[in-house]
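Using mature numbering (1 follows the signal peptide of the UniProt record, and there is no 0), the letters of the sequence shown map in sequence onto residues -18 to -1, 1 to 302.
All C-beta atoms, glycine included, are put in the ideal place defined by N, C-alpha and C.
What follows is a short report on a single structure.
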Amino acid sequence: MLARRVLAALLLASRADALSTASVLRKISPLHVDRYEREGVVVVRGLVDADVVELLRREVDGAVAEPGPHAEDLAPGGTGKSYFTDLELSTRRPALRAFAAEGSAACAAALLMKSRTSTFLYDQIFVKHARDPAAAAAATVFHQDAPYWSVEGSQIASVSIALDDVDERDCLDFLPGTHRLPEFQPVHFASGEPYESESPLPTLDVAALGGPRARFDLSPGDAVVFDGRLVHGGAGSFGRALVLRFVGDDVVFSRARFDSGHAIPTRDPVGLADGAPLADHVDFPVCYVDPFFGKRGASPVSVLEWSKGKAVNEERGDFS
């Protein structure tokens, strides 16, 4: 089993080595960057190719079969794996560690965050199939990601890679522009109850927020990249998704958040000073450094290249 995982890691790394900044740029246009900044969420089509998608599926399926200490079923009355989630898998699955360190996700996150670097925070998987009645009946509580993490800063991105076809109606709801709001109190996903805190944040009232909601048709290998402060959730049954979390140049470790007892990482990064960049610690590798940061003009790509051949309207920015 270990040999198979190591082989998968080597395959992922070898494929990732063939990627260049230019190849990711063919998938990310200046309009993507503008929309990410304005709305806090964008889709990058075909970020991961079919061969790597298949390897990631095997890794996710293996992780479901061998749950870690933080695995959880978020579906009330589920089988134990109906709406399955687990985190920090890369600490025990070399292929996922290799993909985070060498894959295209880190590059995409840096470009969209307008950061020179992407530093890996952690990974998480979600499996929610509509064919499971308990999973289909369950909803993902509306939340922001950032309040669950022991970091402070603005350049925080989640890269959610679809490993199955997702119809728009089965996608989670993303609330564009909510990444500019203050942070809200984190809650337990399974119960919706707020975490206990000596200094609780405001309660999130999604109905009061109003505004539009964004959903997307996704193919395997497409990635929804969204700001860590963006409000999202909903009833969608989206199949399998691997989510990688990256932080940029302005993000630092928060000892106070970690000491709250519910913030990720789950293991104390001993020696990492409060207010220090995460890259100061071995647990948080710098996965991408942009060699052209501050020197790049408009990306030399066409609308057709970044939209997988679909006709789009540049004026409306309808490229997702």
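**Report entry** Where Leu226 sits in the DSSP three-state scheme
**Finding:** The residue labelled residue 226 in the question sits at position 244 within the sequence shown. DSSP places Leu226 in strand when its eight states are reduced to three.
Query raised in the report: Applying the criterion that 16 or more other CB atoms from any shown protein chain within 10 Å of the CB defines a buried residue, is Arg227 buried or exposed?
Result: Here residue 227 is taken as the residue at index 245 of the sequence shown, counted from 1. Counting the other Cβ atoms within 10 Å of the Cβ of Arg227 gives 16 or more, which makes it buried.
Query raised in the report: From the DSSP output, which residues share a beta bridge with Lys110?
Result: Taking the first residue of the sequence shown as position 1, residue 110 is located at position 128. Per DSSP, Tyr65 and Gly221.
Query raised in the report: Opposite Gly193 in the DSSP bridges: which residues?
Result: Reading the sequence shown from its first residue, position 211 is the one you call residue 193. According to DSSP, which records beta bridges pairwise, Gly193 is partnered with nothing at all.
Query raised in the report: Using 8 Å as the threshold, is the stretch 169 to 178 in touch with the stretch 105 to 114, meaning 3 or more CB pairs across them?
Result: Using a Cβ-Cβ distance cut-off of 8 Å, the stretch 169 to 178 and the stretch 105 to 114 are not in contact, since fewer than three pairs of beta carbons, one from each stretch, lie closer than that value.
Report task. Could I get the ranges of all uninterrupted beta strand (DSSP E) runs contained in the stretch 5 to 57, with 3 residues as the minimum, in chain order? Result -> 23 to 26
Query - Nearest-angstrom Cα separation, counted from Asp55 out to Phe66 - result: Here residue 66 is taken as the residue at index 84 of the sequence shown, counted from 1. Here residue 55 is taken as the residue at index 73 of the sequence shown, counted from 1. Straight-line Cα distance between these residues: approximately 5 Å.
Query raised in the report: Is the Cβ-Cβ distance between His125 and Phe166 less than 9 Å?
Result: On the sequence shown, position 143 is the one that residue 125 refers to. On the sequence shown, position 184 is the one that residue 166 refers to. Cβ atoms of His125 and Phe166: closer than 9 Å.
Report task. Give the single residue among Ala119, Ser219 and Asp232 whose Cα lies nearest to the Cα of Gly60. Result -> Reading the sequence shown from its first residue, position 78 is the one you call residue 60. That would be Ala119, whose Cα lies nearest to the Cα of Gly60.
Report task. Identify whether Tyr177 lies in helix, strand or coil by the three-state DSSP scheme. Result -> Position 195 of the sequence shown holds residue 177. Coil.
Query - Length of the line joining the Cα atoms of Phe208 and Glu134 - result: Position 226 of the sequence shown, counted from the first residue, corresponds to residue 208. Position 152 of the sequence shown, counted from the first residue, corresponds to residue 134. Rounded to whole angstroms, Phe208 to Glu134 spans 16 Å at the Cα level.
Query raised in the report: Which residues in the same chain have their Cβ closer than 7 Å to the Cβ of Ala172, if we skip the five residues on either side of it in sequence?
Result: Here residue 172 is taken as the residue at index 190 of the sequence shown, counted from 1. Only Glu54 and Leu56 meet the Cβ criterion.
Query - Where Glu134 falls: helix, strand or coil (DSSP) - result: The residue given as residue 134 occupies position 152 in the sequence shown. Correct three-state label for Glu134: strand.
**Report entry** Burial state of Gly203 (16 or more Cβ within 10 Å)
**Finding:** In the sequence shown, residue 203 corresponds to position 221, counting from 1. Under the 10 Å beta carbon count, Gly203 is surrounded by 16 or more other beta carbons and is classified as buried.
Query raised in the report: Are the stretch 181 to 196 and the stretch 32 to 52 touching, with three or more C-beta to C-beta distances below 8 Å?
Result: no
Query - Continuous beta strand (DSSP E) stretch holding Phe124: start and end - result: Your numbering for residue 124 matches position 142 in the sequence shown. For Phe124, the enclosing beta strand (DSSP E) stretches over residues Thr122 to His125.
Query raised in the report: In chain order, what residues of the same chain lie with their CB nearer than 8 Å to the CB of Pro194, ignoring the 5 residues before and after it?
Result: Here the question's residue 194 lines up with position 212 in the sequence shown. Same-chain partners within the cutoff: Leu157 and Pro158.
Query - Closest by C-alpha distance to Glu251, when choosing among Ala258, Asp265, Arg239 and Ala77 - result: As a working note, residue 251 is residue 269 in the sequence shown. According to the sequence provided, residue 251 is Pro. The question's Glu does not apply to it. If we check each option's Cα against that of Pro251, Asp265 comes out closest.
Query - Three-state secondary structure assigned by DSSP to Phe240 - result: Locating residue 240 in the sequence shown gives position 258, counting from the first residue. Helix, per DSSP.
Requested in this report: Can you say whether Pro58 is buried or exposed, counting buried as having 16 or more other CB atoms within 10 angstroms of its CB?
Outcome: Mapped onto the sequence shown, residue 58 falls at position 76. So Pro58 ends up on the exposed side.
Query - Cα-Cα separation between Ala47 and Ser136, rounded to whole angstroms - result: Along the sequence shown, one-based indexing puts residue 47 at 65. Along the sequence shown, one-based indexing puts residue 136 at 154. Their Cα atoms are separated by approximately 36 Å.
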